[in-house]
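Visitor: For reference, the structure I am asking about is given below.
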Ligand SMILES: [Zn+2]
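Residue numbers (our numbering): 113 to 223.
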């Protein structure tokens with residue numbers, strides 16, 4: 113691994129990492145994984161961001177679909193994670209397929 117490989121993100125707070133291209137990454141406790149969105153630039157696919165890495169707000173909601181562990185087995189749908197990130201907290205909407213659906217929790221720290 114080169115130095116470049118190790119520095120592909122900038123840790124701007126315990127909860128947020130900034131990547132090339134104006135992208136931000138936060139840790140989702142519902143998916144036990146990171147979600148990435150673009151907050152710089154314009155047009156579709158660009159989220160609003162309150163410029164507060166300690167207590168970020170992103171608008172509109174973040175909708176992620178991916179193949180969960182059961183996808184394709186007995187007609188199981190892809191995993192869905194749909195959330196609002198507001199003031200450093202993440203509100204999971206009812207259409208999430210993980211166990212955090214309907215809950216609001218603090219954004220997790222990257223470790
Ligand atoms: Zn998620």
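Just so you know, even glycine gets a beta-carbon here, dropped at the ideal spot from N, CA and C.
Below 7 Å CB to CB, which residues in the same chain sit around residue 199 once its five sequence neighbours on both sides are set aside?
Guide: For the purposes of this step, residue 199 is identified with residue 87 of the chain shown, where counting begins at 1. Closer than 7 Å at Cβ, skipping near neighbours: 167, 169.
Visitor: Where does residue 158 land, buried or exposed, given buried means 16+ other C-beta within 10 angstroms?
Guide: Counting from 1 along the chain shown, the entry for residue 158 is found at position 46. By the 10 Å Cβ count, residue 158 comes out exposed.
Visitor: Since residue 253 and residue 131 are thought to touch, with beta carbons under 8 Å apart, how far apart are those beta carbons, to the nearest angstrom?
Guide: Given a span of 113 to 223 for the chain in the structure shown, any question on residue 253 remains unanswerable.
Visitor: Taking 8 Å as the cut-off, decide whether the C-beta atoms of residue 190 and residue 178 are in contact.
Guide: Along the chain shown, one-based indexing puts residue 190 at 78. Along the chain shown, one-based indexing puts residue 178 at 66. Contact flag set, yes.
Visitor: Less than 6 Å between C-beta atoms, sequence neighbours within five positions excluded: which residues of the same chain meet that for residue 180?
Guide: For the purposes of this step, residue 180 is taken as residue 68 along the chain shown, with counting starting at 1. Result list for residue 180: 191, in chain order.
Visitor: Give every residue whose Cβ lies closer than 5 Å to any heavy atom of ligand 1, listed in chain order.
Guide: My final list is 140, 142, 143, 193.
Visitor: Quick one: is residue 185 buried, meaning 16 or more other Cβ sit within 10 Å of its Cβ, or exposed?
Guide: Translated into the one-based positions of the chain shown, residue 185 becomes position 73. Exposed, because fewer than 16 other Cβ atoms sit within 10 Å of the Cβ of residue 185.
Visitor: Which residue marks the beginning of the beta strand (DSSP E) containing residue 172, and which one marks its end?
Guide: Position 60 of the chain shown, counted from the first residue, corresponds to residue 172. Run containing residue 172: 170 to 178, per the beta strand (DSSP E) assignment.
Visitor: Determine the closest residue to residue 212 out of 143, 134, 123, with distance taken between C-alpha atoms.
Guide: Translated into the one-based positions of the chain shown, residue 212 becomes position 100. Residue 143 is the option with its Cα nearest to residue 212.
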